[in-house]
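Protein chains: 2
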Amino acid sequence: MKNRDAHTEGPDLAALAALLADGTRAAFCLALLDGRAWTATELARHAGVAASTATEHLNRLVAGGLLAEERQGRHRYVRLADPATAELIENLASLAPRRPAPPGSLPAVNRSRALARARTCYDHLAGALGVAITESMTRRGLLDWEHGLTLTADGTAWLAELGVALPPTTRRPAVRSCLDWTERRPHLAGAVGAALCAHAFDSGWITRIGTGRAVAPTAAGRQALRERLGLSDEFCTPGS
Amino acid sequence: MKNRDAHTEGPDLAALAALLADGTRAAFCLALLDGRAWTATELARHAGVAASTATEHLNRLVAGGLLAEERQGRHRYVRLADPATAELIENLASLAPRRPAPPGSLPAVNRSRALARARTCYDHLAGALGVAITESMTRRGLLDWEHGLTLTADGTAWLAELGVALPPTTRRPAVRSCLDWTERRPHLAGAVGAALCAHAFDSGWITRIGTGRAVAPTAAGRQALRERLGLSDEFCTPGS
DNA sequence: GGGACACTTCGACGTTCGCCGAAGTGTCGC
DNA sequence: GCGACACTTCGGCGAACGTCGAAGTGTCCC
Numbered sequence: 001m002k003n004r005d006a007h008t009e010g011p012d013l014a015a016l017a018a019l020l021a022d023g024t025r026a027a028f029c030l031a032l033l034d035g036r037a038w039t040a041t042e043l044a045r046h047a048g049v050a051a052s053t054a055t056e057h058l059n060r061l062v063a064g065g066l067l068a069e070e071r072q073g074r075h076r077y078v079r080l081a082d083p084a085t086a087e088l089i090e091n092l093a094s095l096a097p098r099r100p101a102p103p104g105s106l107p108a109v110n111r112s113r114a115l116a117r118a119r120t121c122y123d124h125l126a127g128a129l130g131v132a133i134t135e136s137m138t139r140r141g142l143l144d145w146e147h148g149l150t151l152t153a154d155g156t157a158w159l160a161e162l163g164v165a166l167p168p169t170t171r172r173p174a175v176r177s178c179l180d181w182t183e184r185r186p187h188l189a190g191a192v193g194a195a196l197c198a199h200a201f202d203s204g205w206i207t208r209i210g211t212g213r214a215v216a217p218t219a220a221g222r223q224a225l226r227e228r229l230g231l232s233d234e235f236c237t238p239g240s
Numbered sequence: 001m002k003n004r005d006a007h008t009e010g011p012d013l014a015a016l017a018a019l020l021a022d023g024t025r026a027a028f029c030l031a032l033l034d035g036r037a038w039t040a041t042e043l044a045r046h047a048g049v050a051a052s053t054a055t056e057h058l059n060r061l062v063a064g065g066l067l068a069e070e071r072q073g074r075h076r077y078v079r080l081a082d083p084a085t086a087e088l089i090e091n092l093a094s095l096a097p098r099r100p101a102p103p104g105s106l107p108a109v110n111r112s113r114a115l116a117r118a119r120t121c122y123d124h125l126a127g128a129l130g131v132a133i134t135e136s137m138t139r140r141g142l143l144d145w146e147h148g149l150t151l152t153a154d155g156t157a158w159l160a161e162l163g164v165a166l167p168p169t170t171r172r173p174a175v176r177s178c179l180d181w182t183e184r185r186p187h188l189a190g191a192v193g194a195a196l197c198a199h200a201f202d203s204g205w206i207t208r209i210g211t212g213r214a215v216a217p218t219a220a221g222r223q224a225l226r227e228r229l230g231l232s233d234e235f236c237t238p239g240s
């Protein structure tokens, strides 16, 4: 009989990691990083598996606490359970090895490029656009990284001037650095990152591309980003 | 043939999670969160597996990039690859379900209590002591959480007065919040958290308990923590 | 030089898991 | 009320994985 010190009370790391240690379940979680709710059938199609397979995987992810579900008639909607879960998926994604592009698939390459340009990372902006916004805010003194990441007084005023509504003080950090796994540089997350992203959608600055989590700035958005943050059009044009 | 949108270019989340989705490999990684290097035999004993099993698991963890290895004679030492890996394990541990204590095992309960009181969390202090230090620094205006976690000017001066050497500006965040999985409240991580922990060891304020990652303050440490941070003795006494 | 120690390799074994199709249930819309 | 749709349940199948012991290799110390 083994004497297993390792299995005393503590976090069951293996149980949590096992939830994500499967290509289909991982694909579901990455898809849900767009912040929206998907139906079981949508996720099955996205991952290329049978509906029965999708049901079984979703049951495990919900039971394990990573997803939350909601029934509407004959549809089963699921979403990531909470921001902490999204942050975990983001962290894992930033450290995970990259899967190479399948050779010769132009649609797939275009999708990857669109994701790299601009996407939602659960509830904030990511991709080259998200990183550019973060760097511009830093240059303009709205964010300060020197003694930890903080929103400066200028930053608070700037958000108020934009009409960005921050939620009342919560347990959630106001600003958080999120390592962008396509750009390999940080973009802004946390409550401020989420509020800025919501504002960008609400103001019609950005719009979704297709059904994925890629987004693109609109003409009004390009103008606003140029005026408010001095971003050049390179971050704002559709790629070729 | 399936049409798997999900398997286009992107992070291979499942491959990374699979590295940790096993009780033995998870136990290795949690043990290595003490920040030290362990030999293969020590890890095998800790996890209660045969040496051959340990070798095979370590090979996978090294190949997967989570561990780094070093040979010294007939000993194979391994450690966590870098702070980013440690942070990932910490994040997973804080969200993982808790494994209940085995019934009636007094040694195991004592080990859990010791870990909850004070331990190293890779390179910074965790447990009730780590959380208390963080809360006291916040009360005294050395840390500010309101617009993102930042070390204040008072905090920088305080560290200088203590003789805590901060590394030159690096890519690593100066301060980072780490959710303590025993206390369920945040403790201080990042470069400042690491420097404070190193100072506590160097100054003889804390000492390791046995071979695990539990630590305990010394008499000198208790006095220093009382004088410098106003911590009461409840955080500093060995449990009963 | 030889014995002990730390670790590795590999084949065998048992278990677990992902997948699917078929049959079923619950919901909607005509 | 019935057909279509979304989803679920379950048994079967094949693959993958963790474990170990035995045999082996490399290192140390007497």
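Protein sequences appear in the order of chains B and S.
Mapping to the UniProt record's numbering: the first sequence position 87 is 87, numbers consecutive.
Mapping to the UniProt record's numbering: the second sequence position 100 is 100, numbers consecutive.
Positions of the beta carbon are idealized from the N, C-alpha and C atoms, including for glycine.
All figures in this text were calculated on a predicted structure; none of them were measured in a lab.
Item to complete: Helix, strand or coil for Val62 of chain S, going by three-state DSSP, please let me know.
Response: Within the second sequence, the letter at position 62 stands for residue 62 of chain S. Of the three classes helix, strand and coil, the one that applies to Val62 of chain S here is helix, per DSSP.
Worksheet entry | Start and end residues, alpha helix (DSSP H) containing Val215 of chain B | Locating residue 215 of chain B in the first sequence gives position 215, counting from the first residue. From DSSP, Val215 of chain B is part of no alpha helix (DSSP H) but of the beta strand (DSSP E) over 215-217.
Worksheet entry | Proximal residues to Ala14 of chain S (C-beta, below 6 Å), its chain only, five neighbours per side dropped | Position 14 of the second sequence, counted from the first residue, corresponds to residue 14 of chain S. Hits under 6 Å: none found.
Item to complete: Find the residues of chain S that neighbour Thr41 of chain B, judging by a C-beta separation of less than 8 Å, and give them in chain order.
Response: The residue labelled residue 41 of chain B in the question sits at position 41 within the first sequence. What Thr41 of chain B touches in chain S: nothing, since even the nearest Cβ is about 14 Å away.
Worksheet item: Measuring CA to CA, which of B:Ala40, B:Arg60, B:Leu80 is closest to Arg71 of chain B?
Response: Mapped onto the first sequence, residue 71 of chain B falls at position 71. That would be B:Ala40, whose Cα lies nearest to the Cα of Arg71 of chain B.
Practice prompt. Measure the alpha-carbon distance for Leu231 of chain S versus Leu129 of chain S and round it to whole angstroms.
Written response: As a first step, residue 231 of chain S is located in the second sequence; it is residue number 231 there, counting from the start. As a first step, residue 129 of chain S is located in the second sequence; it is residue number 129 there, counting from the start. Roughly 9 Å separates the two Cα atoms.
Worksheet entry | Leu80 of chain B vs Leu149 of chain B beta-carbon contact at 7 Å | Residue 80 of chain B sits at position 80 when you count from the first residue of the first sequence. Residue 149 of chain B sits at position 149 when you count from the first residue of the first sequence. It is not a contact, given that the beta carbons lie outside the stated cut-off.
Fill in: Classification of Leu106 of chain B by the beta-carbon crowding that lies within 10 angstroms, buried from 16 upward
For this step, residue 106 of chain B is matched to residue 106 along the first sequence. That one is exposed.
Item to complete: May I ask which residues mark the beginning and end of the alpha helix (DSSP H) holding Pro83 of chain B?
Response: Translated into the one-based positions of the first sequence, residue 83 of chain B becomes position 83. Element bounds for Pro83 of chain B: 83-95.
Worksheet item: Taking 7 Å as the CB-CB limit, is Asp22 of chain B close to chain S?
Response: Taking the first sequence and counting its residues from 1, the one referred to as residue 22 of chain B is at position 22. Interface residue, yes.
Worksheet item: Between the region 209-226 of chain B and the region 170-182 of chain B, do three or more beta carbon pairs fall short of 8 Å?
Response: no
Practice prompt. Please report the Cβ distance between His124 of chain S and Gly193 of chain S, rounded to the nearest whole angstrom; I am assuming they are in contact, meaning their Cβ atoms lie under 8 Å.
Written response: Locating residue 124 of chain S in the second sequence gives position 124, where the first residue counts as 1. Locating residue 193 of chain S in the second sequence gives position 193, where the first residue counts as 1. Between Gly193 of chain S and His124 of chain S the Cβ distance is about 3 Å, and since that is below 8 Å, they are a contact.
Fill in: Straight-line Cα distance separating Glu234 of chain B from Val109 of chain B
By 1-based counting over the first sequence, the position of residue 109 of chain B is 109. By 1-based counting over the first sequence, the position of residue 234 of chain B is 234. Val109 of chain B and Glu234 of chain B: Cα-Cα distance of roughly 19 Å.
Worksheet item: Do you know offhand how far Arg140 of chain B's Cα is from Gly155 of chain S's?
Response: By one-based count along the first sequence, residue 140 of chain B stands at place 140. By one-based count along the second sequence, residue 155 of chain S stands at place 155. Going by the C-alpha atoms only, they are around 25 Å apart.
Worksheet item: Can you name the start and end residues of the beta strand (DSSP E) that Arg71 of chain B belongs to?
Response: Numbered from 1 along the first sequence, position 71 holds the residue referred to as residue 71 of chain B. That run of the beta strand (DSSP E) goes 67-72.
Worksheet item: Who are the Cβ neighbours of Ala189 of chain S in its own chain at under 6 Å, not counting the five residues just before and after it?
Response: Numbered from 1 along the second sequence, position 189 holds the residue referred to as residue 189 of chain S. Counting only Cβ-Cβ distances below 6 Å, and skipping sequence neighbours, we find His124, Arg176, Cys178.
Fill in: Beta-ladder partner(s) of Trp38 of chain S, from DSSP
Sequence index remark: in the second sequence, residue 38 of chain S carries index 38 (1-based). According to DSSP, which records beta bridges pairwise, Trp38 of chain S is partnered with S:Val78.
Discussion item. Below 7 Å on C-beta distance, what does Trp158 of chain B contact in chain S?
Written reply: The sequence position of residue 158 of chain B within the first sequence is 158, counting from 1. Near Trp158 of chain B there are no residues of chain S at all, since even the closest Cβ is about 13 Å away, more than 7 Å.
Worksheet entry | Delimiting residues of the alpha helix (DSSP H) encompassing Thr152 of chain B | Here the question's residue 152 of chain B lines up with position 152 in the first sequence. No alpha helix (DSSP H) contains Thr152 of chain B, which DSSP labels as neither H nor E.
Worksheet entry | Spatial distance of Arg184 of chain S from Val131 of chain S (CA atoms) | Taking the second sequence and counting its residues from 1, the one referred to as residue 184 of chain S is at position 184. Taking the second sequence and counting its residues from 1, the one referred to as residue 131 of chain S is at position 131. The alpha-carbon atoms of Arg184 of chain S and Val131 of chain S are separated by roughly 9 Å.
Worksheet item: How would you write the range of the beta strand (DSSP E) that Thr24 of chain S sits in, first residue to last?
Response: The residue given as residue 24 of chain S occupies position 24 in the second sequence. No beta strand (DSSP E) contains Thr24 of chain S, which is instead part of the alpha helix (DSSP H) from 23-32.
Discussion item. Short of 7 Å in beta carbon distance, which residues of its chain neighbour Val215 of chain B, apart from the five on each side in sequence? Order them along the chain.
Written reply: As a first step, residue 215 of chain B must be located in the first sequence, where it is residue number 215. The residues are Ala118, Arg119, Thr120, Ile206, Thr207, Arg208, Ile209.
Worksheet item: Under a CB-based cut-off of 7 Å, is Arg99 of chain B close to chain S?
Response: What you label residue 99 of chain B is simply residue 99 of the first sequence in a count that begins at 1. Cβ-Cβ to chain S under 7 Å: yes for Arg99 of chain B.
Discussion item. Under DSSP, the alpha helix (DSSP H) around Leu16 of chain B begins and ends at which residues?
Written reply: Numbered from 1 along the first sequence, position 16 holds the residue referred to as residue 16 of chain B. That run of the alpha helix (DSSP H) goes 13-20.
Discussion item. If contact is defined by three or more beta carbon pairs under 8 Å, each pair taking one atom from either stretch, is the region 53-66 of chain S in contact with the region 38-55 of chain B?
Written reply: no
Discussion item. Does any residue of chain S have a CB that is nearer than 7 Å to the CB of Met1 of chain B?
Written reply: Counted from its first residue, the first sequence places residue 1 of chain B at position 1. Since pLDDT at Met1 of chain B reaches only 32, below the 50 mark, its modelled position is unreliable, and the value read off the structure follows with that caveat. So no, Met1 of chain B is outside the interface.
Practice prompt. Give the DSSP bridge partners of Arg208 of chain S, in chain order.
Written response: Translated into the one-based positions of the second sequence, residue 208 of chain S becomes position 208. DSSP output for Arg208 of chain S lists S:Val215 as bridge partner(s).
Fill in: Residue from B:Arg213, B:Ala219, B:Ala220 whose Cα sits closest to the Cα of Arg111 of chain B
The residue labelled residue 111 of chain B in the question sits at position 111 within the first sequence. Minimum Cα distance to Arg111 of chain B is reached at B:Arg213.
Fill in: Cβ neighbours of Leu126 of chain S in the same chain (closer than 6 Å, five flanking residues each side left out)
By one-based count along the second sequence, residue 126 of chain S stands at place 126. The question names Leu, but residue 126 of chain S in the sequence shown is Ala. Once the five neighbours on either side are set aside, the close Cβ partners of Ala126 of chain S are Arg119, Asp180, His187.
Item to complete: State yes or no: is the C-beta of Asn91 of chain S within less than 7 Å of the C-beta of Leu20 of chain B?
Response: Residue 91 of chain S sits at position 91 when you count from the first residue of the second sequence. Residue 20 of chain B sits at position 20 when you count from the first residue of the first sequence. No; because the gap between Cβ atoms is not below 7 Å, this pair is not in contact.
Worksheet item: So, does the CB of Leu162 of chain B fall closer than 7 Å to a CB anywhere in chain S?
Response: Here residue 162 of chain B corresponds to residue number 162 of the first sequence, with the count starting at 1. It does not: the Cβ of Leu162 of chain B has no partner Cβ on chain S nearer than 7 Å.
Worksheet item: To the nearest angstrom, how far is it from the Cα of Trp38 of chain B to the Cα of Arg45 of chain B?
Response: Numbered from 1 along the first sequence, position 38 holds the residue referred to as residue 38 of chain B. Numbered from 1 along the first sequence, position 45 holds the residue referred to as residue 45 of chain B. Whole-angstrom Cα-Cα distance: 11 Å.
Worksheet entry | Residue from B:Ala160, B:Ala26, B:Thr134, B:Thr138 with nearest C-alpha to Ala86 of chain B | On the first sequence, position 86 is the one that residue 86 of chain B refers to. The shortest C-alpha separation from Ala86 of chain B is found at B:Ala26.
Worksheet entry | Under the three-state DSSP convention, the category Arg111 of chain B falls into | Taking the first residue of the first sequence as position 1, residue 111 of chain B is located at position 111. It is helical.
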